[in-house]
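Chains as they are written, first to last, in my numbering: chain A, 34 to 437; chain B, 10 to 130.
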């Protein structure tokens, strides 16, 4: 081997050694980095866990506070109201005009305070996700008519016309009745507050995929700058003097929360001095979707409460549907009755086991004159599955057990 | 305690908390910056012994800040720690490659940060 070869070899060896050294450095760096990263993530996760626990504690504190306030504030208020009423009614001796006038003012403000507490508690519960809405099939046109009727005397006294415009006689939605009354009441009440003359028009329109409800007025309208704030909490804009009860500034915020819970949309269209249109939409559900939602809701509750759940499926009930529904409601407490179609009826029985449900069904059918031909089946949790899909699949099968 | 510390942190609350803990631990000479730009300028002008930079900064990041300070400082013995409070941003290898002396997490009690500073200063 000559010198040159030897030199080459030496060079090669040197460069390999250098590369090895570099690789070793890189490896050290990676080891150091990974250890550091690992430690860092561990510490941060612990920190997150700690914060999570603190938040849960605060959340509980908030709920406790809401519950306490709701009870402790309402009780004395009821007493005050009753005492003032009694004095006003002359039960404790006669009062003069001035005294009665002042007592009336007190009464008005006590009522206002009560409304504010109720609204505040509602919004707190809504925001905390503690409100349960009981959605059922209901006729939105009929519901709107009812609310409009309640406002007629007030509108008349204000010389404002209340108009209604419905695209059909009946329009079914899947919604919580009390919540919908509340939204309509808020919107119509608001419209009247801000309308001096002209009219307030309530319309319900059936669209292909949703039901659209609108409360439009010819009132003072809302300034462009104020539009984004309309659904915020405690928002009150300039209002004319004297128009009935003072508000709490929470009505629209509560309405928005309610519509959100129903997977709908709510918005406002308005220009200053050109009236306002408050519009909300509710999605349409097919009968199957409603059934599924019901089953899912009931199941969720059963799992949470660790109780059984049985669903009775009555088939071929055509002519006796009404009787059967009445008997089910009478005999099976807490039964949630849903009609799948004209010949199938479901009774969702939270907390009831299979055997109790069977007994109940037999008793009901035995007590009916026209029960011949009606068949029923049972689907229950946990026996038939623990997901809404499994239970729903069983429900759609034809009932196997027949009442003879 | 000896040592001038520059803290680069864009969240005002975090800055206040860190500063309070460090002052409490005896580090009295503390300067602060709320952007990467101001931080780099102060690092050069005020010659701190240690720079602590947050990882996520508006329009920049702790790794870039570290690199730029190293370039501008030359061979002067400034120490740099990069810190983060976000699980997603943890990258110790990147910090070391950018020229950082250590990499740390920012917790509500600043414990690991203080520990790292004590080791370095």
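Just so you know, even glycine gets a beta-carbon here, dropped at the ideal spot from N, CA and C.
Since this is a predicted model, take the numbers as computed values, not measurements.
Residue 374(A): member of the beta strand (DSSP E) spanning 369-374, first to last residue. At the C-beta level, residue 242(A) and residue 317(A) come within 8 angstroms of one another.
Leaving aside the five residues that flank residue 110(A) on each side, the residues in its chain whose CB is nearer than 6 angstroms to its CB run, in chain order, 147. Between residue 382(A) and residue 287(A), the beta carbon gap of about 32 angstroms keeps them out of contact (Cβ cut-off 8 angstroms). Under DSSP, residue 309(A) forms a beta bridge with 250(A) and 303(A). When beta bridges are read from the DSSP output, residue 410(A) appears opposite 346(A). Nearest CB-CB separation between residue 62(A) and chain B: below the 8 angstroms threshold.
The alpha-carbon of residue 163(A) is positioned some 35 angstroms away from that of residue 26(B). Between residue 76(A) and residue 69(B), the gap from beta carbon to beta carbon reaches 8 angstroms or more.
Per DSSP, residue 198(A) lies in no alpha helix (DSSP H) segment; the continuous beta strand (DSSP E) that holds it begins and ends at 193-199.
Within the region 98-113 of chain B, the residues whose Cβ lies closer than 9 angstroms to any Cβ of chain A are, in chain order, 99, 100, 101, 102, 103, 104, 105, 106, 111, 112 and 113. Note that the C-beta distance between residue 124(A) and residue 139(A) is not below 8 angstroms. Around the beta carbon of residue 49(A), a 10 Å sphere encloses fewer than 16 other beta carbons of the protein chains shown; the residue is thus reported as exposed. Contact between residue 90(B) and residue 126(B) holds: their C-beta atoms lie close to 7 angstroms from each other, under 8 angstroms. A straight-line Cα-Cα distance of about 12 angstroms links residue 394(A) and residue 348(A). What residue 80(A) touches in chain B, judged by beta-carbon distance under 7 angstroms, is 116 and 117, going in chain order. DSSP, read as helix, strand or coil, puts residue 281(A) in coil. Per DSSP, residue 213(A) lies in no beta strand (DSSP E) segment; the continuous alpha helix (DSSP H) that holds it begins and ends at 210-226. Cβ atoms of residue 66(B) and residue 19(B) come within 8 angstroms of each other, at about 5 angstroms. Counting along the chain, residue 88(A) sits inside no beta strand (DSSP E); it lies in the alpha helix (DSSP H) bounded by residues 36-121. By the Cβ test, the region 397-404 of chain A is not in contact with the region 311-326 of chain A, since fewer than three Cβ pairs between them sit closer than 8 angstroms. Rounded to whole angstroms, the separation of the alpha carbons of residue 284(A) and residue 100(A) is 21 angstroms. Chain-order list of chain A residues neighbouring residue 96(B): 74, 77, 78 and 81, by C-beta distance under 8 angstroms.
As the crow flies, the alpha-carbon of residue 52(B) is around 10 angstroms from that of residue 41(B). Taken through DSSP and simplified to helix, strand or coil, residue 24(B) comes out as helix.
Beta-bridge annotation (DSSP): residue 63(B) is paired with 92(B). Not a single CB atom of chain B sits nearer than 8 angstroms to the CB of residue 86(A). Note on geometry: alpha-carbon atoms of residue 299(A) and residue 254(A) lie some 17 angstroms from one another. The Cβ neighbour count for residue 379(A), taken over all protein chains shown within 10 Å, is at least 16; the residue is labelled buried. The alpha carbon of residue 249(A) has as its nearest neighbour, out of 212(A), 128(A), 350(A) and 301(A), the alpha carbon of 301(A). Within 10 angstroms of the beta-carbon of residue 411(A) lie 16 or more other beta-carbons, which makes it buried. DSSP, reduced to helix, strand and coil, places residue 391(A) within a helical segment of the structure shown. Going by C-alpha positions, residue 61(B) is about 11 angstroms away from residue 45(B). DSSP, read as helix, strand or coil, puts residue 42(B) in strand. For residue 236(A), the enclosing beta strand (DSSP E) covers residues 231-239.
In the three-state reduction of the DSSP assignment, residue 104(B) falls in the helix class, which pools H, G and I.
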